[in-house]
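Q: Here it is: the structure, laid out below.
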Amino acid sequence: MMREHTVLRVITKLIIAPIMIFALYVQFHGDYSPGGGFQAGVVFAAAIILYALIFGLAEARRAVSPNLLRITGALGVLLFAGTGVYAMLKGGNFLDYDFLAHDAIHGQHYGLLLVEFGVGLTVVSTITSIFYVFAGRGRRGTQE
Amino acid sequence: MTTDIVLNIVLLSFMAITGLAIARLRNLFPVAMLTGLYSLLSASLFTLLDAVDVALTEAAVGAGVTTVLFLATFGLTRAREKPVQRSRTIIGLVVTVLTGAALFYATLDMPHFGERHTPVHDHPLRERYLQTVSEEIDVPNTVTAVLGSYRGYDTLGEVTVILTAGIGVLMLLGVAWRRRPEDDEEQEPPR
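See below:
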């Protein structure tokens, strides 16, 4: 898409990996610092969108395929709800993380980690999918 | 404290100027850029107010993703606002002023900025959360504990809403995009 903008391409290459690592930090450090699944997902999606803007939609679709995003989006909600159902199977209420492990506090930690990961997965997938769809149509529209 | 107030005033006046500029512009490309700037300014404001997670969301969604979606939409529609009749602008002005006045009136009920005794600080639920989180969940970030555990059911609903919204957009826009090459009956490959 932007073959001639060397500065933008080089800077983007440098910047994308730190953005993704920051998103993962926000994701898995959410118990200790501000942020959580939603924030992490949004930042991660922003990194993918930046890649698509600079290197083109086709490249981005090859790196992160739209079909994969559809699966992971549903998988996130499934992980969240599944954690709740698993707690039920262990004898607690729906989403009662106390029963996820032998120790109630450990159970809460596991529960939060899994649930936040589910949130992050769904948010990344949804926002990136929406961008793919918009950008894909826009490209056709300008060429027709 | 005083630097905080100065920064708040500067940021808020920048936001007001950006809003006025957005209202005056007819070309929508700069409008998209300015809405991004507006989001960035409000993200800075949230950081000043110690709402870092809200600021993160605002910076990534408001300044980043939404701006890109706006630009992508201009590819589908046109990027210039149609001129509006003078009589309609007056109606718009009246509605805006009335809504603004109502909102302003509502703020009179809110506690003053930086006041100590507000419902948020004085409500017994706050004490309960802050005490029991360390005993029951043992996570330093109380917000995560409340959102993920105490209100897990709410959050599950929110995530489902996000997924549903995404599915809705995919069904509205994604299907049409995929079907078109088939409609062309292979006469010309999708460009």
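Which chain is which? The protein sequence lines are A and B, in order. According to full-length UniProt numbering, the first sequence is numbered sequentially starting from 1. According to full-length UniProt numbering, the second sequence is numbered sequentially starting from 1. We put the beta carbon where it would ideally sit given N, CA and C, even for glycine.
1) What does a CB cutoff of less than 6 Å around B/F14 pick up in its chain, not counting 5 residues either side in sequence?
2) Is there a Cβ from chain A that is less than 9 Å from the Cβ of B/R138?
3) Whose Cβ in chain B lies nearer than 8 Å to the Cβ of A/E59?
4) Closer than 6 Å by C-beta to A/T128: which residues in its own chain qualify, once you throw out the five before and the five after it? Chain order, please.
5) Among B/A106, B/R80, B/V10 and B/A59, whose alpha-carbon lies nearest the alpha-carbon of B/P30?
6) Identify whether A/N93 lies in helix, strand or coil by the three-state DSSP scheme.
7) May I ask which residues mark the beginning and end of the alpha helix (DSSP H) holding B/G62?
8) In this structure, how does DSSP classify B/N27 when only helix, strand and coil are distinguished?
9) With a threshold of 8 Å on Cβ separation, who are the neighbours of A/V119 within its own chain once the five nearest residues in sequence on each side are excluded?
10) Could you give the residue range of the alpha helix (DSSP H) that holds A/G56?
11) List the residues of chain A whose Cβ lies closer than 7 Å to the Cβ of B/Y153, in chain order.
12) Between the alpha carbons of B/R78 and B/V6, how many angstroms are there, rounded?
13) Give the interface partners of residue 197 of chain B over in chain A, defined as CB-CB distance under 8 Å, in chain order.
14) Excluding five sequence neighbours on each side, which residues of the same chain lie with their C-beta closer than 7 Å to the C-beta of B/R26?
15) Kindly indicate if chain B contains any beta-carbon less than 9 Å away from that of A/Q108.
16) Identify, in the order they occur along the chain, each residue of the same chain with its Cβ nearer than 8 Å to the Cβ of B/L12, setting aside the five sequence neighbours on each side.
A: According to the structure shown:
1) L41
2) Checking the sequence, you will find Asp at residue 138 of chain B rather than Arg. Closer than 9 Å: yes.
3) Correct list: empty, because the minimum Cβ distance to chain B is about 16 Å.
4) A45, I48 and L69
5) B/R80
6) coil
7) Careful: B/G62 lies outside any alpha helix (DSSP H) and carries neither H nor E.
8) strand
9) G36, G37, F38, G41, G76 and F80
10) Run containing A/G56: none; DSSP gives neither H nor E here.
11) L95
12) 40 Å
13) Residue coverage of chain B in this structure runs from 1 to 191, which leaves residue 197 of chain B outside it and unanswerable.
14) R80 and E81
15) yes
16) L45
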